[in-house]
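Asks: Please find one structure pasted underneath; my questions will follow.
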Amino acid sequence: MDMSDMNQKAWEIAAMAMIRKGRVIESYSTGQVRFFFEQARFSRFKSAIKTQQSQYSPQPSDGRSGNDPRAIADMRQRVEKNKKVGEEVISVMEVLPARERMRFVQYLLWNIKIIEQLGGNKERIGKVLSAELVRDPEAVLEKLPEMQNQQRDRRYRRG
């Protein structure tokens with residue numbers, strides 16, 4: 062896998078790792094992604110990540126009770142994201158040597174932070190992807206969660 066492919070996959074997985082929270086998007090769990098980074102240097106990364114996936118139990122966000130239906134839905138969404146993101150990370154890391162695995166996950170962490178700092182704004186993220194010469198920016202943008210008020214915000218910007 063060359064650097065261009067690695068960067069493309071890191072951006073795609075970063076976009077997959079996002080969840081919508083009101084008017085912004087954020088990573089489902091930066092701690093989980095950091096765990097991938099910690100495991101990247103080890104040969105047994107696959108089993109460690111799979112074990113972590115099976116044990117992942119997010120806490121209710123925003124101080125809600127674990128019995129709140131919205132909190133339950135949010136936690137379920139985070140568990141699903143963790144499973145999908147973990148599987149994608151493993152599939153990329155399997156074909157890379159240890160040093161490249163660490164670089165890949167570092168790119169993933171950086172890309173997550175960039176997406177969060179840009180508030181999930183697809184137009185601005187598209188410009189970053191263009192500047193980074195990402196081969197298939199649409200593959201990244203289509204994986205981002207839709208923003209709640211995206212249509213309304215577009216209307217206000219026009220007029």
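Be aware that the sequence shown starts at 62, since it is given in our numbering, and climbs by one per residue.
All residues carry an ideal CB built from backbone N, CA and C; glycine is no exception.
Note that the structure is predicted; figures quoted are calculated from it, not measured.
Going by DSSP, what residues sit across from R81 in a beta bridge?
Replies: I86
Asks: Does the stretch 91 to 101 come close enough to the stretch 163 to 180 that 3 or more CB-CB pairs lie under 8 Å?
Replies: yes
Asks: Nearest by alpha-carbon distance to D135: which of P121, M62, K204 and G181 is it?
Replies: P121
Asks: For Q100 and K144, which I take to be in contact (beta-carbon distance under 8 Å), what is that distance rounded to the nearest angstrom?
Replies: Actually they do not touch by this definition, with Cβ atoms about 16 Å apart.
Asks: For a minimum of 4 consecutive residues, which ranges assigned as the alpha helix (DSSP H) are wholly contained in the stretch 113 to 168?
Replies: 130 to 154
Asks: With distance defined between alpha-carbon atoms, name the residue in R131, E148 and A71 nearest to I176.
Replies: A71
Asks: State the Cα-Cα distance for the pair D129 and S104, rounded to the nearest angstrom.
Replies: Approximately 40 Å, taken between the alpha carbons.
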